[in-house]
Each structure stands twice: as C-alpha cells, then as structure tokens.
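Numbering (the numbering used here), first residue to last: 193 to 597.
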C-alpha cells in the first residue's frame with residue numbers, strides 16, 4: 193500500500209528583488225457572475241460573495257439589492273470554481289422599508305457541529321443617505337445549504353437593546369479555529385465611538401454553534417468587511433478593507449491569535465490598483481476559497497464603467513512572498529497541496545532545463561532530476577515521512593520546504 197501524504201510548500205529563498213515589509217499582491221483573473229457573463233451566470237448587480245464547498249459542488253452565496261426593493265441573498269453553484277450557474281434566492285428581505293430586514297446581505301456560512309449550515313448576515317431598515325445604518329447580525333439554518341429557515345437576531349445593537357455593546361455590526365466573518373472553536377471577526381462600532389468614526393474589527397467567540405456571542409475585543413481600527421480562510425498549509429489568513437483607500441491582511445498559525453499590526457494587501461487589474469475608492473474600477477467586500485491546486489483565491493464586488501457592482505471578480509496571488517522583511521519572486525510553483533504520491537512542478541520559460549534536487553534535513557540527497565518541460569510530475573511516494581528541501585537551480589537557486597506526511 194502506498195503511503196498517503198500531504199505536501200506543504202513554504203518559500204525559503206529565491207531571487208531578491210526588493211527590500212520592504214510584507215506585502216501580498218493578488219491579480220484579477222476574471223469574473224464568476226455578473227452583467228457580462230453567459231445567461232446562466234448573468235445578473236445586473238451582485239455583492240458580498242461567500243464560497244462554500246457542500247458535497248461535490250461549490251456554492252457562491254451573494255447579495256442582490258435592487259434599488260428601493262428588499263434585498264435578497266442568492267446562490268450559484270459550480271463544480272470547478274470556473275463555470276457558475278445562478279440557482280435561486282435563499283433569503284428574501286421584508287417588503288417594508290421600516291422593517292429591520294428590508295436590507296439584507298453579507299452572507300457567511302459555517303457548518304455546525306451537527307452537520308447543518310448556519311448562515312450569518314447583516315440586516316437593517318432602509319436608511320437615508322449619509323445616516324449610519326443600524327446593521328445587526330441575524331442567522332438562518334439549513335440542512336442542505338439551499339433551503340434556509342430564519343432564526344432571528346444573533347448579535348444585537350444598542351438602538352434596540354440598551355445593554356448591547358455595539359451601535360452597529362456590519363459585514364463580518366465567522367469561522368472555526370484550529371482547535372474547533374467558533375470565532376468571529378466583526379465589522380462594528382461600539383457605544384464609545386462617534387458615529388462619524390470608521391468601523392473597527394472586533395474578535396468574538398461562541399460556544400453554541402453561533403447562537404450567542406461573547407468576549408468582544410476591539411482589534412484593528414479603521415478596518416471593515418473581513419474574510420478568513422484556512423490555506424492549504426493550515427495557516428489562517430484574514431483579508432479586509434482599511435478605510436476606503438486600502439486593503440490589509442493578517443496571518444495566524446491557529447486562527448485564534450492574530451498579529452498586532454496588519455500587512456498590506458494589493459489588488460491589481462493589469463497595472464491598475466483596485467480599492468474601494470479607485471475609479472472607475474473599484475472593489476469591496478472580499479471573500480476567499482482554496483482551489484484543488486492549493487491556491488488561495490480571493491473574490492470581491494467589482495464595479496466598472498458598466499455600473500455599480502456589476503460583477504463578482506476573482507483573483508490569484510502574484511506568486512510573491514516575504515521573509516525577514518525582504519520580498520521575493522518565484523520562478524516555479526509546486527502543487528497540489530495536499531496531494532497523493534505526486535507533486536507537480538510548473539516552471540516559467542526562464543527555468544525550463546533546471547536541475548532539481550531533493551535533500552533531507554541532514555543535507556543528504558534523496559532524489560534528483562531535470563525539469564525539461566513546463567510542467568513536470570514527480571513521484572515522491574517512496575520518501576519517508578519528514579521534512580525535505582526541494583531545490584531548482586538554473587540561472588538562480590530557489591529552495592522550497594516540502595513536508596511529507
């Protein structure tokens with residue numbers, strides 16, 4: 193029987209091209225749904241995407257907010273994260289502008305301890321332009337991810353309950369940490385803040401699958417609309433907006449402890465930097481998933497000259513990283529992650545013909561060969577469990593750490 197293993201690729205050394213603090217850059221690749229898509233994925237306005245894997249399909253939950261009409265939370269499905277078909281509405285807003293559920297959106301979905309799907313979303317009544325919206329968090333429950341039953345308020349605000357810590361709670365994130373504890377990153381304003389102040393991100397915890405929340409701790413000032421993703425190496429990353437002019441990211445080994453200071457996140461379309469205030473192209477409300485190759489994909493609302501939030505766009509990391517304050521660029525990638533027996537090495541044209549060498553932690557050579565084509569598949573099933581160094585050498589030398597389980 194062949195041993196099963198996962199391959200975790202961590203950048204160690206590569207071509208040094210710039211010395212600066214850690215920055216992640218994601219490049220726009222295309223659109224999942226939107227105004228210019230084929231009929232099955234065409235919709236005039238879409239916002240606040242959330243991707244979940246349910247069974248064999250990916251589900252994209254998103255917000256549709258027609259002008260002067262109740263909001264909706266809808267969903268689309270895909271088998272490969274590339275081709276999407278819009279299916280139906282899962283939650284309708286209430287057709288009353290004074291209802292606390294007239295404006296709804298910002299869906300986030302968790303799988304509960306008993307296998308149900310709980311959706312959290314922010315809601316409020318219609319509000320005049322310039323007025324602070326009275327967002328609060330509600331939830332709905334489903335057995336299949338398609339048919340949801342409304343549950344009510346999950347995180348209340350001070351306007352309706354004077355004992356509440358918050359004046360509003362907007363588009364937030366809910367996730368399980370490495371220890372299986374349910375946590376949240378909340379976009380909120382507390383009762384000590386002026387309504388003219390930008391939102392903060394707060395951490396929170398729940399011990400009952402998200403029915404009640406406590407331990408609200410302010411974490412990052414002037415930030416909002418977070419998403420948290422566990423990547424293919426087991427690390428947790430949060431991505432969010434900073435004011436209206438920038439984006440930030442943080443990384444955690446366990447999803448419970450986060451750094452004091454965020455790093456910079458840059459979203460690009462060609463040579464254009466995309467933010468909530470860029471024009472005419474702008475983005476907002478990030479989502480994230482990990483594809484079958486172990487790549488983290490970000491998604492966002494996308495606005496162009498066609499109109500406001502005409503698409504939900506997706507982005508891939510621009511194969512750069514930072515070690516000890518230096519930024520590097522890779523000439524090849526190794527995937528999938530995790531994998532069974534085989535690793536795939538994909539090169540750029542400058543690296544074809546390179547020699548690869550795999551060594552153990554003592555520096556002993558265990559495998560070697562040539563990378564003569566753009567994509568090379570290497571069988572490492574015979575290697576024992578442990579940590580290895582994968583090195584490709586041509587004009588430059590690059591080394592990856594490979595963990596075989």
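We put the CB at the ideal spot given by N, CA and C, even for glycine.
- Residue 261 counts as exposed, since fewer than 16 other beta carbons sit within 10 angstroms of its beta carbon.
- In this structure residue 431 is not in contact with residue 510, their Cβ atoms being roughly 14 Å apart against a cut-off of 8 Å.
- Fully contained in the segment 385–414 are the following beta strand (DSSP E) runs of length 3 or more, in chain order: 392–398, 406–413.
- For residue 447, the closest of 549, 543, 419 by C-alpha to C-alpha distance is 419.
- Contact between the segment 410–427 and the segment 332–349 is absent: fewer than three C-beta pairs spanning the two stretches fall below 8 Å.
- Here the alpha carbons of residue 323 and residue 506 stand approximately 31 Å from one another.
- Secondary structure at residue 380: strand, using DSSP grouped into helix, strand and coil.
- Positions of the beta strand (DSSP E) runs, each at least 3 residues long and wholly inside the segment 423–502, are given as 428–434, 438–444, 455–461, 474–482, 488–496 in order along the chain.
- Between residue 402 and residue 294, the C-beta spacing is not below 8 Å.
- Proximity to residue 352 across 292, 386, 397, 307 peaks at 292, based on C-alpha coordinates.
- Going by DSSP, residue 571 is part of the beta strand (DSSP E) stretching over 567–571.
- For residue 483 against residue 273, the beta-carbon gap comes to about 6 Å, under 8 Å, which counts as contact.
- Rounded to whole angstroms, the Cβ separation of residue 359 and residue 381 is 5 Å, and the two are in contact under 8 Å.
- 550 is the residue among 386, 254, 550 whose C-alpha sits nearest the C-alpha of residue 570.
- The residue among 307, 305, 297 with its C-alpha nearest the C-alpha of residue 315 is 297.
- Scanning its chain for C-beta atoms nearer than 8 Å, with the 5 sequence neighbours on each side dropped, one finds around residue 257 the residues 237, 239, 263, 264, 295, 297, in chain order.
- Counting other Cβ atoms within 10 Å of its Cβ, residue 534 stays below 16 and is therefore classed as exposed.
- Taking a cut-off of 8 Å for Cβ pairs, the segment 451–470 and the segment 228–235 do not touch, as fewer than three such pairs fall below it.
- Residue 394 is not a Cβ neighbour of residue 302, given a cutoff of 8 Å.
- Under the criterion of beta carbons closer than 8 Å, residue 223 and residue 503 qualify as touching, at roughly 4 Å.
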